[in-house]
Amino acid sequence: MDELIEKLKVQIIKQLNLEDVEPDEIDADEMLFDADGELGLDSIDALELIVLLDKEYGIKIKNQEEGKQIFHSLKTMAEFILQHQD
Amino acid sequence: MENTAATYRQCEIKNGEIFLNGKLIFEKKEVPFAKFIKGAYKHFELRYPKFHKMDRLCKLAFVTANLLLEDNQLKEYKPEEIAVVMSNSNSTLHTDSKHANSIKDKENYFPSPAVFVYTLPNIMVGEICIRYKIKGESVFFVSNEYDKEMLTEYSREMIDCGDAKICLCGWVDYTEANYYANLYLVK
Amino acid sequence: MEFIVTAMEKAPVYIISDNIITSLGFGTQANIDKISDGQTGVQCHNDASIYPTPVWVSKITASNLSPAAAQLSSPEKYTKLEQIFLLSVAEALQQTSVDITSKDTLIIIASTKGNINLLGDPGNFSSDRVQLGTMAEQIQSYFKNPNKPLVVCNACISGVLALDVAKRLLRKNKYKNIIVTGGDLVTEFTVSGFQSFKAMSDAPCKPYDKNRSGINLGEGAGTMILSTEKPSSKNNIITIEGGASSNDANHISGPSRTGDGLFNAIRKALNDANCLSSEMDYLSMHGTATPYNDEMESKALGLADLLHVPMNSLKGYIGHTLGAAGIIESIVAVHSLKNNSLYSSLGFEEHGVTLPVNIITRNEKKQLQKCLKTASGFGGCNAAVVFAKQNIKSEQG
Chain A
239 MDELIEKLKV
249 QIIKQLNLED
259 VEPDEIDADE
269 MLFDADGELG
279 LDSIDALELI
289 VLLDKEYGIK
299 IKNQEEGKQI
309 FHSLKTMAEF
319 ILQHQD
Chain B
136 MENTAATYRQ
146 CEIKNGEIFL
156 NGKLIFEKKE
166 VPFAKFIKGA
176 YKHFELRYPK
186 FHKMDRLCKL
196 AFVTANLLLE
206 DNQLKEYKPE
216 EIAVVMSNSN
226 STLHTDSKHA
236 NSIKDKENYF
246 PSPAVFVYTL
256 PNIMVGEICI
266 RYKIKGESVF
276 FVSNEYDKEM
286 LTEYSREMID
296 CGDAKICLCG
306 WVDYTEANYY
316 ANLYLVK
Chain C
1098 MEFIVTAMEK
1108 APVYIISDNI
1118 ITSLGFGTQA
1128 NIDKISDGQT
1138 GVQCHNDASI
1148 YPTPVWVSKI
1158 TASNLSPAAA
1168 QLSSPEKYTK
1178 LEQIFLLSVA
1188 EALQQTSVDI
1198 TSKDTLIIIA
1208 STKGNINLLG
1218 DPGNFSSDRV
1228 QLGTMAEQIQ
1238 SYFKNPNKPL
1248 VVCNACISGV
1258 LALDVAKRLL
1268 RKNKYKNIIV
1278 TGGDLVTEFT
1288 VSGFQSFKAM
1298 SDAPCKPYDK
1308 NRSGINLGEG
1318 AGTMILSTEK
1328 PSSKNNIITI
1338 EGGASSNDAN
1348 HISGPSRTGD
1358 GLFNAIRKAL
1368 NDANCLSSEM
1378 DYLSMHGTAT
1388 PYNDEMESKA
1398 LGLADLLHVP
1408 MNSLKGYIGH
1418 TLGAAGIIES
1428 IVAVHSLKNN
1438 SLYSSLGFEE
1448 HGVTLPVNII
1458 TRNEKKQLQK
1468 CLKTASGFGG
1478 CNAAVVFAKQ
1488 NIKSEQG
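Going down the list, the protein sequences come from chains A, B and C. Quick note: the first sequence uses our numbering, first residue 239, plus one each step. Quick note: the second sequence uses our numbering, first residue 136, plus one each step. Quick note: the third sequence uses our numbering, first residue 1098, plus one each step.
1. Thinking just about the alpha-carbon of each residue, which of L192(B), T227(B), K241(B) is nearest to the one in A316(B)?
2. To the nearest angstrom, how far is it from the Cα of D1495(C) to the Cα of S1375(C)?
3. Considering only C-alpha positions, which residue in the set T254(B), K268(B), P248(B), A249(B) is nearest to V219(B)?
4. So what's T1336(C) in DSSP terms, helix, strand or just coil?
5. For a contact defined as C-beta to C-beta under 7 Å, what are the partners of D292(A) on chain B?
6. Could you name the residues of the same chain whose beta carbon sits closer than 8 Å to that of L279(A), not counting the 5 residues immediately before and after it, in chain order?
7. Between which two residues does the beta strand (DSSP E) carrying Y319(B) extend?
8. Leaving out five residues before and five after T1284(C) in sequence, what residues of the same chain have Cβ atoms less than 8 Å from its Cβ?
9. Within 8 Å of any Cβ in chain C, is that where the Cβ of L285(A) sits?
10. Within 10 Å of its beta-carbon, does Q1191(C) have 16 or more other beta-carbons around it, so buried, or fewer, so exposed?
11. Please list the partners that Q302(A) has in chain C, where partner means a Cβ-to-Cβ separation under 7 Å.
12. At least one CB of chain A closer than 8 Å to the CB of P248(B): is that the case?
13. For V289(A), which residues in chain C fall below 8 Å Cβ to Cβ?
14. Can you list the residues of chain B that G257(A) reaches, using a CB-CB cut of under 7 Å?
15. Checking 8 Å against the spacing of the C-beta atoms, do C1478(C) and S273(B) come in under that value?
16. DSSP three-state label for N1244(C), please.
17. If we count Cβ pairs, one from each stretch, closer than 8 Å, do we get three or more for the stretch 1300-1311 of chain C versus the stretch 1437-1457 of chain C?
18. Under 9 Å between beta-carbons, which chain C residues line up against I282(A)? List them in chain order, please.
19. What are the boundary residues of the beta strand (DSSP E) that I1112(C) is part of?
20. Taking the beta carbon of L1228(C) as the centre, do at least 16 other beta carbons fall within 10 Å, making it buried, or is it exposed?
21. For N1332(C), verify whether its CB is less than 7 Å away from any heavy atom of the ligand SAH.
22. Looking only at C-alpha atoms, which of F275(B), P214(B), L202(B), E215(B) sits nearest to C1250(C)?
23. Three-state secondary structure (DSSP) at Y1379(C)?
24. Could you name the residues of the same chain whose beta carbon sits closer than 8 Å to that of L1373(C), not counting the 5 residues immediately before and after it, in chain order?
25. Give me the Cα-Cα distance between A249(B) and C264(B), rounded to the nearest whole angstrom.
26. What are the complete alpha helix (DSSP H) segments, minimum 4 residues, inside the stretch 1163-1206 of chain C?
27. Using a C-beta to C-beta distance shorter than 7 Å, which residues of chain B count as neighbours of Q1228(C)?
28. Below 8 Å on the Cβ atoms is my guess for I1157(C) versus S1185(C); work out the distance and round it to an integer in Å.
29. Any Cβ of chain C within less than 8 Å of the Cβ of L320(A)?
30. How about R144(B) and Y319(B): do their beta carbons lie closer than 8 Å?
31. Which chain C residues are close to P256(B), counting only those with a beta carbon under 7 Å from its beta carbon?
32. Do you know how far the Cα of M1377(C) is from the Cα of S232(B)?
33. If you measure between the beta carbons of I1206(C) and P1246(C), is that distance less than 8 Å?
34. Under 6 Å Cβ to Cβ from K163(B), same chain only, skipping five residues before and after it: list those, please.
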């Protein structure tokens, strides 16, 4: 699980063009889409995470609504991947 | 009716150089565009996290607009009083190609929303409007040549008939072979 | 917010002819007849050249386009979109005595992606045909017009915005006639892009409906010929009375949650037309059927005191035709005024926006004098125009 979270940190930084953000700056339990959060993620980023799940893990998410729970934090993302990966 | 609005203040970016009102204020030649524009962004301490998500065309427009509008050029105007009239010749060709490449291979088919959103040239207007809280009228024209006269006249008429009090005008074009930005204010 | 309306001479802007080409047919009447009949051009297409999996779009088939294009001089010299533009402009022109070769006539083109289907694979055409300026030159030279066309490329508001640009130029008598033509294609480029936004419905779209789930893309062209010269023999003279645009300054792809931006465009357009909200008899809205767009529009209408006015979206009939949308849908609005006809908003069944907008649920004959057309698009842009039917008894020249 920890290994997956570390891998996700690197992937997210790349997928979302989070320049100047280091992996160790992202907390696994931190709310990814917190309006006041450090990362400043928006609706396009949420869609990009859907692309990431498909591209890297072969998991298809239908829409942003479905993504909301999954992308709550890195931890919830990792848990979801572990549950659904082939 | 006489055209009473006048052009003043302009910023130009080309060949690794940035000019404000004709004076060279930054240069970083002999490097690829991405390095040049990032260098300018850091040099002028523009501090805008969303900058890194923009495509090259928007980064070019953004830096040009920032330098044009620094020193609170828009301070005395209400958001609805500021208009934007911009243009280019290649629309969003560079990013179009990036998007097209992402759908070339049916086995590796992952179109990206963060890329696709930049396949419309008026997005650079949107980015500038968000940064500077500009809510007035705007239009984006595409033409093979930069018709500064037409844009200026169009802006002057918007001002003269009361649809705006100040107008951000100009041209921002990017291809891998060449880039050129010229933004100016009309009031 | 006060805008100073000076008492300067503003030439009137008459709509003297129009043409629509969509999957519903070639010609304004063909389209209006189908719309009146509740027919849709949106179908499920299983076509790998558009997308790997089936999609619901509105497409003009080659079997419909080829025979029509055969009427053009050397159709093989023109791309699919150019053929559609040329046919549309030619047909609209035929209904008038406008001299398209005159310096007094300008062409304005609205398109979001032009010949984007040529990108990477231009076929028999040179690669620079992808450039909108070059596409515009084809149209200009076909009709031997001496003026460089203007190309408005402003996302989904391009069509409405092009009408507003024309309005500005005509009011100042820069030109006597302006041919405003908007067009876009359904391409893999745009389909895949909107799919990445999860913005496409996997069924016919349902604007303002509780169960709406996204857009259907569509292709086509619409042409409106505008003039400062009053049409001589027509009964129902329609004018563009006002127009405006605005920016949300909120997000590059998501509409504002408050509807402020669109409200500003509407308010300014009404002001420009010297009209009150209460004078609007009908609203032709953008209504793309995405959850956020339709909700935002209802908020804007609430702010503008227009909730009670009968409204529709035409996207259910022809899909979202991008650069063509503002023109095609404006033409239908103009004919709604001429025919005193309200056409139902196809796809709507159950109210699905916060505010109580007044969706037209079945065709109705009603006296209509003035209407408002709106559009909103990526980049946070909004545009609105006001159309009015001239009262024959009180002509004001």
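Ideal Cβ placement from N, Cα and C applies to all residues, glycine included. Predicted model only: the values in this text are computed from it and were never measured.
In short:
1. L192(B)
2. This structure cannot speak to residue 1495(C), because chain C is shown only from 1098 to 1494.
3. K268(B)
4. strand
5. F245
6. L254, L270, F271
7. 314-321
8. I1147, K1210, I1213, N1214
9. yes
10. exposed
11. K1295
12. yes
13. S1293
14. The sequence as given places Glu at residue 257(A); Gly does not occur at that position. Ordered by position in chain B, the residues that pass the 7 Å Cβ test against E257(A) are H187.
15. yes
16. coil
17. yes
18. F1294, H1348, I1349, S1350, G1351
19. 1111-1119
20. One point to set straight first is that residue 1228(C) is Gln, not Leu, in the sequence displayed. That one is buried.
21. Although the ligand SAH was asked about, the structure shown includes no ligands whatsoever.
22. F275(B)
23. strand
24. L1367
25. 19 Å
26. 1177-1191
27. S224, N225, N279
28. Their Cβ separation, rounded to whole angstroms, is 11 Å, which puts I1157(C) and S1185(C) out of contact at 8 Å.
29. no
30. yes
31. C1250
32. 44 Å
33. yes
34. G151, F171, G174
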